[in-house]
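Engineer:
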Amino acid sequence: MVIDCKHVWNYISEYLDGTLPDETRDTVQKHLDHCEICSAILDSTRNVIILTADDRVFELPVGFSERLHARIDLEFMGIAP
Amino acid sequence: MIAAVLAGEIQVYHELIRPYERSVYLMALSYMKNKADAEDVAQEAFLRAFRKLSTFRAESKFSTWLISITINEARTRLRRQARIRMEPLDQLPDEDKGVSPALLRDWREIPSEAVEREEVRNLIQRAVQQLPGIYRQVFLLRDVEELTTSEAAEALNISIPSVKVRLHRARVMLQKQLTPQLKTVNRTPKRRWLPWS
Chain A
948 MVIDCKHVWN
958 YISEYLDGTL
968 PDETRDTVQK
978 HLDHCEICSA
988 ILDSTRNVII
998 LTADDRVFEL
1008 PVGFSERLHA
1018 RIDLEFMGIA
1028 P
Chain B
25 MIAAVLAGEI
35 QVYHELIRPY
45 ERSVYLMALS
55 YMKNKADAED
65 VAQEAFLRAF
75 RKLSTFRAES
85 KFSTWLISIT
95 INEARTRLRR
105 QARIRMEPLD
115 QLPDEDKGVS
125 PALLRDWREI
135 PSEAVEREEV
145 RNLIQRAVQQ
155 LPGIYRQVFL
165 LRDVEELTTS
175 EAAEALNISI
185 PSVKVRLHRA
195 RVMLQKQLTP
205 QLKTVNRTPK
215 RRWLPWS
């Protein structure tokens, strides 16, 4: 089976997750082997996911932990006999 | 540790929740879009989780349970603030409105070191914040906090196919928005030869 670029785009996410059925994966792979545009879309999507998942992108605000645990301690003081 | 807290060693709760601080804060931020409100929601969620710890059932993961509490807390807060957008909680994505990726012939990988630059971090944060809520929440849980598809479905109280469709759309939207922007900021400046003075 041959599929066009737009169909391949629908499979990008599951291709990256490795959750496509074998047959669909082979079809997508064949397309990617000769389509530079779809290969670039796939690689750039993977790249964006890796960058976004980097721990440095979404960091806790400075002092978050200290404030949280101080507030929890206040709660505990209300419970303590 | 949960058993210890329930048995009266309440100080253990501090250690119990430490690994989940970022997940809870990020989930709160994905709803509140404001760091101060998100922090407040995160604190409330941890307090609420402590108060109802005895209702936690081991068939769920503790992280998923905490995230569900955070989501409820955020939604309650938004409703109270009358700022909630009219978004059905488990709205099925509109299949007719396809999302298409950015087409780039000269794409080059952006190395992870780029994240050290504040400019790049801001671009990524802004792109994620601009995603529609239902996509942003799934994306953060799956790709940033690395929950499984079924854990994300449980935390958000949506179906597994919905998680998959939303994740796909979120990823493609981010690729479309970020790839051209990152290409621009990653361009290394041309070396300039200054004349001898």
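Chains A and B, in that order, give the protein sequences.
For the first sequence, the positions run 948 to 1028 when the numbering used here is used.
For the second sequence, the positions run 25 to 221 when the numbering used here is used.
Ideal Cβ placement from N, Cα and C applies to all residues, glycine included.
#1: Any beta carbon of chain A sitting closer than 8 Å to that of GLU33 (chain B)?
#2: On the CB-based measure, 16 or more other CB atoms within 10 Å of its CB, does GLU983 (chain A) come out buried or exposed?
#3: Would you grab the beta carbon distance between ALA176 (chain B) and ARG166 (chain B) for me? Rounded to a whole angstrom, and I think it's under 8 Å.
#4: Do you know offhand how far VAL196 (chain B)'s Cα is from PRO156 (chain B)'s?
#5: What is the residue span of the alpha helix (DSSP H) that LYS953 (chain A) lies within?
#6: Compute every distance between the C-beta of ALA177 (chain B) and the non-hydrogen atoms of the ligand PLP, then say whether any falls below 7 Å.
#7: For VAL955 (chain A), count the other beta carbons within 10 Å of its own beta carbon; 16 or more makes it buried, fewer makes it exposed. Which is it?
#8: Run down chain B in chain order and give the residues with a C-beta less than 9 Å from the C-beta of THR992 (chain A).
#9: So MET197 (chain B) is in the alpha helix (DSSP H); what residue range does that whole segment cover?
#10: Could you tell me the distance, in whole angstroms, from the CA atom of HIS192 (chain B) to the CA atom of PHE1011 (chain A)?
#11: Does chain A have any CB closer than 8 Å to the CB of GLY61 (chain B)?
#12: Give a yes or no on whether the C-beta atoms belonging to ALA69 (chain B) and ILE34 (chain B) are separated by under 8 Å.
#13: What does the Cβ neighbour count give for ASN58 (chain B), buried or exposed, with the cut at 16 atoms within 10 Å?
#14: By the criterion of Cβ-Cβ separation under 8 Å, what are the contact partners of ARG1003 (chain A) in chain B?
#15: Establish whether the CB of ARG160 (chain B) and some CB of chain A are separated by less than 8 Å.
#16: Restricting to Cα atoms, I'd like to know which of B:THR208, B:LYS207, B:LEU198 is closest to THR992 (chain A).
#17: Buried or exposed for MET56 (chain B), please, with buried defined as at least 16 other CB atoms from any protein chain shown within 10 angstroms of its CB.
#18: What residue from A:VAL995, A:GLY965, A:ASP951, A:PRO1008 has the CA that sits closest to HIS981 (chain A)'s CA?
#19: Report the option in B:ALA82, B:GLN105, B:GLU133, B:ALA62 whose CA atom is closest to the CA atom of ASP990 (chain A).
#20: Since LEU90 (chain B) contacts ALA73 (chain B) with CB under 8 Å, what's their CB separation in whole angstroms?
#21: How is ARG132 (chain B) classed by DSSP in three states: helix, strand or coil?
#22: Just checking, does the stretch 40–52 of chain B make contact with the stretch 1011–1020 of chain A on the three C-beta pairs under 8 Å criterion?
#23: When the Cα atoms are used, what is the spatial distance from LEU206 (chain B) to LEU147 (chain B)?
#24: Please list the terminal residues of the continuous alpha helix (DSSP H) segment that includes GLN149 (chain B).
#25: With DSSP as the reference, label SER960 (chain A) as helix, strand or coil.
#26: Taking C-beta to C-beta, are SER174 (chain B) and ILE158 (chain B) nearer than 8 Å?
#27: I want to see whether chain A comes within less than 8 Å of VAL29 (chain B), judged by CB atoms only; does it?
#28: Can you tell me whether DSSP reads GLN105 (chain B) as helix, strand or coil?
#29: With 8 Å set as the bound, which would you pick, yes or no: does the beta-carbon of THR999 (chain A) sit closer than that to a beta-carbon of chain B?
#30: Could you check how far apart the C-beta atoms of THR999 (chain A) and VAL168 (chain B) are, in whole angstroms? I think they sit under 8 Å.
Structural biologist: So, to answer that:
#1: no
#2: exposed
#3: Indeed, because the Cβ distance is near 5 Å, the residues count as touching under 8 Å.
#4: 13 Å
#5: 952–957
#6: Absence of the ligand PLP is noted for the structure shown, with no ligands found whatsoever.
#7: buried
#8: Simply PRO125, ARG195, VAL196, LEU198, GLN199, THR203.
#9: 184–209
#10: Approximately 32 Å between the Cα atoms of the pair.
#11: Reading off the sequence shown, one finds Asp at residue 61 (chain B), where the question assumed Gly. Taking Cβ atoms only, chain A never reaches closer than 8 Å to ASP61 (chain B), which makes this a no.
#12: Cβ atoms of ALA69 (chain B) and ILE34 (chain B): not closer than 8 Å.
#13: exposed
#14: Within chain B, the residues near ARG1003 (chain A) are VAL139, GLU140, ARG145.
#15: no
#16: B:LEU198
#17: buried
#18: A:ASP951
#19: Minimum Cα distance to ASP990 (chain A) is reached at B:GLU133.
#20: 6 Å
#21: coil
#22: yes
#23: Spanning the two alpha carbons is a distance of roughly 8 Å.
#24: Residue range 142–153 is occupied by the alpha helix (DSSP H) that includes GLN149 (chain B).
#25: In the three-state reduction of the DSSP assignment, SER960 (chain A) falls in the helix class, which pools H, G and I.
#26: no
#27: no
#28: In the displayed model, GLN105 (chain B) falls within coil according to three-state DSSP, outside both helix and strand.
#29: yes
#30: 6 Å
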